[in-house]
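*Asks:* Numbering (my numbering), first residue to last: 148 to 299. Glycine included, each C-beta is placed from N, C-alpha and C at the ideal position. Note that the structure is predicted; figures quoted are calculated from it, not measured. What follows is a single structure, and I will ask about it in a moment.
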Amino acid sequence: MQTNPIANCYLFPIKPDFTIPLTLYICLFQKPVRACFLVMWLGFLMDLFSGGIMGIFLFLRLVLFCFIQILKELLFLENKFLWVGVVLLLFLLDSLLIHLLFGLMEKNWGTLEIILRTSVSQGFFTFLLSLLIFPLFNKFEKFIKEKEGQTK
148 MQTNPIANCY LFPIKPDFTI PLTLYICLFQ KPVRACFLVM WLGFLMDLFS GGIMGIFLFL
208 RLVLFCFIQI LKELLFLENK FLWVGVVLLL FLLDSLLIHL LFGLMEKNWG TLEIILRTSV
268 SQGFFTFLLS LLIFPLFNKF EKFIKEKEGQ TK
């Protein structure tokens with residue numbers, strides 16, 4: 148996801164990160180146990196192909212998974228306009244956690260203001276792109292379910 152050709156093409160000065168909206172999508176439309184394993188697999192693949200610190204993306208995606216599960220209990224997440232806020236909130240939480248982890252390791256990763264401003268713009272841009280991509284997942288999933296129903 149992070150190392151795909153889309154991440155290396157700059158349409159705007161922001162790289163799209165589809166893993167956070169994908170985490171939200173998985174949590175909303177899968178059962179909790181299956182969603183947890185899919186999110187763990189997504190975090191593992193990001194760790195594997197990013198070349199960074201092993202386990203950091205797995206940890207971050209599991210924290211986001213737990214946060215989304217809490218939000219599912221507190222909010223009615225069927226409204227797509229609410230998804231915009233949740234995705235932006237997830238990008239902010241992800242950036243804050245990365246900043247905190249790098250701060251604990253005593254590595255300077257930039258000021259918090261720049262990181263938050265970048266994460267909000269990246270979150271909004273990625274969410275707009277994901278509005279185009281994720282309906283295709285819905286259609287593909289419905290197509291698979293129809294094929295399974297016909298074979299039975």
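Report the rounded CA-to-CA distance for Leu-283 versus Phe-165, giving the unit in angstroms.
*Replies:* 14 angstroms
*Asks:* Nearest-angstrom Cα distance between Asp-241 and Leu-279?
*Replies:* 23 angstroms
*Asks:* Under 6 angstroms Cβ to Cβ from Gly-250, same chain only, skipping five residues before and after it: list those, please.
*Replies:* In its own chain, leaving out the 5 sequence neighbours on each side, no residue places its CB closer than 6 angstroms to the CB of Gly-250.
*Asks:* Residues in the same chain with beta-carbon distance under 8 angstroms from Ile-167, minus the five sequence neighbours each way, listed in chain order, please.
*Replies:* Leu-211, Val-234, Leu-237, Phe-238, Asp-241, Gly-270 and Thr-273
*Asks:* With DSSP run on the structure shown, which of helix, strand or coil describes Gly-202?
*Replies:* In the structure shown, Gly-202 sits in coil (DSSP, three-state: anything other than H, G, I, E or B).
*Asks:* Work out the CA separation of Ile-200 and Cys-174 for me, nearest whole Å.
*Replies:* 25 angstroms
*Asks:* Can you grab the Cα-Cα spacing for the pair Gln-297 / Leu-243, in whole Å?
*Replies:* 47 angstroms
*Asks:* Quick check: what's the CA-CA separation for Glu-288 versus Glu-253?
*Replies:* So the two alpha carbons sit approximately 44 angstroms from each other.
*Asks:* Among the residues of its own chain, which have a CB less than 8 angstroms from the CB of Thr-170, if the five just before and after it don't count?
*Replies:* In its chain, beyond the 5 residues on either side, Val-186, Leu-189, Arg-208, Leu-211, Phe-212, Ile-215 and Leu-237 have a beta carbon closer than 8 angstroms to the beta carbon of Thr-170.
*Asks:* In the DSSP assignment, find the alpha helix (DSSP H) that holds Phe-176 and state where it starts and stops.
*Replies:* Note, Phe-176: alpha helix (DSSP H), 166–176.
*Asks:* Cβ atoms of Tyr-172 and Phe-281: under 8 angstroms apart, would you say?
*Replies:* Yes, the Cβ-Cβ distance between Phe-281 and Tyr-172 is below 8 angstroms.
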